[in-house]
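Asker: Residue numbers (the UniProt record's numbering): 1 to 513.
Cβ atoms here follow ideal geometry from the backbone N, Cα and C, with glycine treated the same way.
Predicted, not measured: the structure shown is a model, and the values here were computed from it.
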Ligand code: AMP
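#1: With 16 as the cutoff for other CB atoms within 10 Å, does residue 168 come out buried or exposed?
#2: Tell me whether the region 489–497 and the region 439–456 touch, counting them as touching only if at least three CB pairs, one residue from each stretch, are closer than 8 Å.
#3: Would you call the CB atoms of residue 267 and residue 229 closer than 8 Å?
#4: Under a three-way DSSP split, which group does residue 276 fall into?
#5: Please report the Cβ distance between residue 127 and residue 115, rounded to the nearest whole angstrom; I am assuming they are in contact, meaning their Cβ atoms lie under 8 Å.
#6: Can you list, in chain order, the stretches of the alpha helix (DSSP H) that have 4 or more residues and sit fully within the region 232–312?
#7: Examine the Cβ distances between the region 235–245 and the region 353–366 and report whether three or more of them are shorter than 8 Å.
#8: Return yes when the C-beta of residue 376 is under 7 Å from any heavy atom of the ligand AMP, and no when it is not.
#9: So, using beta-carbon positions, are residue 498 and residue 424 closer together than 8 Å?
#10: Given residue 3, which residues of its chain have a CB within under 7 Å of its CB, disregarding the five upstream and five downstream residues?
#11: Report all residues from its chain with a CB closer than 7 Å to the CB of residue 117; omit the five preceding and five following residues, and keep chain order.
#12: Verify the contact flag: residue 291, CB atom, against every heavy atom of the ligand AMP, threshold strictly below 7 Å.
#13: Pick out whichever of 310, 250, 196 has its Cα sitting closest to the Cα of residue 288.
#14: What are the start and end residues of the alpha helix (DSSP H) that includes residue 4?
#15: Within its chain, find whatever has a CB closer than 8 Å to the CB of residue 254; leave out the 5 residues flanking it on each side and keep chain order.
#16: Classify residue 376 as buried or exposed, calling it buried when 16 or more other Cβ atoms lie within 10 Å of its own Cβ.
#17: Between residue 316 and residue 214, is the Cβ-Cβ spacing less than 8 Å?
#18: Rounded to a whole number of angstroms, what is the C-alpha to C-alpha distance between residue 66 and residue 500?
#19: Within the region 392–454, note down every full alpha helix (DSSP H) run reaching 4 residues or more, in order along the chain.
#20: Are residue 372 and residue 203 close, meaning C-beta to C-beta below 8 Å?
#21: Going along the chain, which residues of its own chain have a beta-carbon closer than 7 Å to the beta-carbon of residue 207, five neighbours each way excluded?
#22: For the putative contact between residue 173 and residue 197, defined by C-beta atoms under 8 Å, what is the C-beta separation to the nearest angstrom?
#23: Let me know if residue 84 comes out buried or exposed under the rule of 16 or more other beta-carbons within 10 Å of its beta-carbon.
#24: What is the residue span of the beta strand (DSSP E) that residue 211 lies within?
#25: For a test of your reading of the model: does the CB of residue 224 fall under 7 Å from any non-hydrogen atom of the ligand AMP? Yes or no.
#26: Given that a residue counts as buried once 16 or more other Cβ atoms are within 10 Å of its Cβ, and exposed if not, what is residue 7?
#27: Alpha carbon to alpha carbon, how far is residue 259 from residue 322? Give it in angstroms, no decimals.
#28: Could you check where the alpha helix (DSSP H) with residue 366 kicks off and where it finishes?
#29: How far does the alpha helix (DSSP H) with residue 118 in it reach, from first residue to last?
#30: Please classify residue 342 as buried or exposed, where buried requires at least 16 other C-beta atoms within 10 Å of its C-beta.
#31: Cβ-heavy atom distance between residue 311 and the ligand AMP below 7 Å?
#32: The ligand HEM and residue 221: does the residue's C-beta get closer than 7 Å to at least one heavy atom of that ligand?
#33: Leaving out five residues before and five after residue 182 in sequence, what residues of the same chain have Cβ atoms less than 6 Å from its Cβ?
#34: Hey, residue 366 and residue 450: beta-carbon distance below 8 Å or not?
#35: Helix, strand or coil for residue 181 per DSSP?
Here you go:
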């Protein structure tokens with residue numbers, strides 16, 4: 001199918017503001033596609049084809065500098081070029097775009113960036129401005145096609161007359177697979193081997209006490225700080241999927257000793273140091289030659305039978321029968337016992353505990369209170385805002401992405417240690433924007449640098465070593481938890497404190513790998 005046809009339909013979808021009409025247009029379109037086109041089209045729209053190519057690469061490829069909406073910019077820039085010389089090229093097909101995306105994705109290592117730029121450039125030459133806008137959005141993952149994932153799922157259901165599509169989606173996470181099954185009348189609401197299931201997720205809770213009050217008796221498992229994987233096995237064939245449903249079979253090498261004919265299990269991959277303690281997350285992801293291990297915590301399918309509605313306690317028992325590599329756990333209603341177990345988990349270098357309700361089903365795709373994560377976090381920091389970026393989309397009126405800094409006693413300056421747009425309400429963004437503009441000292445593109453005056457309290461998951469900022473540190477998942485109007489920059493935390501917390505993280509983790 002020609003890319004042009006898809007782009008035309010998406011334009012029609014975008015032009016109407018009626019949800020009902022969007023779904024109807026899309027459903028009509030999907031209904032008439034053959035299997036291959038259906039798979040490819042859904043892949044493109046849902047962003048599964050999205051790859052790790054940055055906005056900068058595209059900008060370089062088409063010779064642009066800066067701007068808001070990449071699709072629109074590429075479109076405009078090409079329009080201008082087209083006026084100068086109109087090229088007659090063969091029309092591009094959806095299939096070719098899919099091929100390009102997977103090729104770009106596969107390019108790795110030295111020179112790959114240049115190769116990407118060259119490939120994207122020559123591909124773009126064959127596109128109409130409308131197509132170019134679409135392709136740019138596909139490549140960067142900014143798929144503002146006017147069709148959210150929810151709408152696309154509804155359209156697939158409508159196209160093939162399946163009202164149960166949303167439920168099916170939780171167990172068939174891959175939308176193109178889902179669409180094909182719906183088309184063939186083979187949609188199922190039970191797991192299918194080698195098609196990833198949307199993972200069940202946990203809500204937060206503050207303490208063991210809170211979990212026990214809610215659950216009465218509970219299973220407490222170590223909460224490991226690693227990479228969640230879903231393992232699908234049938235005979236000798238094995239595939240691993242990430243939490244975001246990508247195939248990561250080749251990403252990590254771990255020993256999987258599953259004694260069964262077929263199963264879908266879930267576990268966490270962690271890295272182990274020479275002393276047997278878990279290594280920091282950063283090392284797990286980056287270092288190729290460390291020992292990695294998977295510890296399983298759930299089983300949702302075994303030898304042809306779905307276990308989604310089987311109570312957790314029974315699933316765990318079945319899991320014990322097929323593997324020895326399980327996440328450590330206890331079952332108790334005793335607060336003291338659970339608190340000791342939490343302490344043990346922390347001392348061993350893990351993140352905390354996961355409390356699980358004994359008779360709970362596996363709720364695919366749901367973040368609920370059958371699982372409660374207990375993560376005694378690192379102490380919060382008081383940091384100073386030294387700059388901010390104008391936001392995007394809904395936030396474009398506000399300075400809403402903040403540079404957070406700690407005081408460096410050696411340099412006598414505030415040094416950035418992280419950035420966040422998380423934690424403030426709309427009203428607070430509005431007020432903060434006014435305040436920061438009144439403190440502005442320099443503007444640099446979309447960044448406004450300000451006098452260090454506003455102090456905020458910041459929570460984060462981890463402190464990492466990073467060359468990104470001059471301080472040498474970066475906070476992972478920073479979020480503002482309070483605006484400390486009562487504090488002045490002189491009360492802010494220092495780089496040496498950050499260093500101390502950074503080092504304390506390692507006192508429990510392995511430092512040898
Ligand atoms: P969070 O990412 O903080 O929302 O916590 C949920 C994640 O914790 C899951 O997606 C898993 O990757 C991870 N995790 C670690 N240990 C466990 C466990 N025992 N049970 C379930 N998830 C776990």
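Answerer: Taking the definition as stated:
#1: buried
#2: yes
#3: yes
#4: coil
#5: In fact, because the Cβ distance is near 19 Å, the residues do not count as touching under 8 Å.
#6: 281–286
#7: no
#8: no
#9: no
#10: 92, 93, 94, 97, 131
#11: 57, 60, 61
#12: no
#13: 250
#14: 3–15
#15: 269, 292, 293, 294
#16: exposed
#17: no
#18: Because the pLDDT at residue 66 is just 46, under 50, the model does not fix this residue reliably, and the value given afterwards should be weighed accordingly. Approximately 39 Å between the Cα atoms of the pair.
#19: 426–438
#20: yes
#21: 374
#22: 6 Å
#23: At residue 84 the pLDDT is 48, less than 50, meaning the model places this residue with poor confidence; the figure from the coordinates comes in the next sentence. Exposed: under 16 other Cβ atoms inside 10 Å.
#24: No beta strand (DSSP E) contains residue 211, which is instead part of the alpha helix (DSSP H) from 208–215.
#25: yes
#26: buried
#27: 5 Å
#28: That residue, residue 366, is in no alpha helix (DSSP H); it is neither H nor E in DSSP.
#29: 112–125
#30: buried
#31: no
#32: As far as ligands go, the structure on display features the ligand AMP and does not contain the ligand HEM.
#33: 156, 160, 162
#34: no
#35: helix
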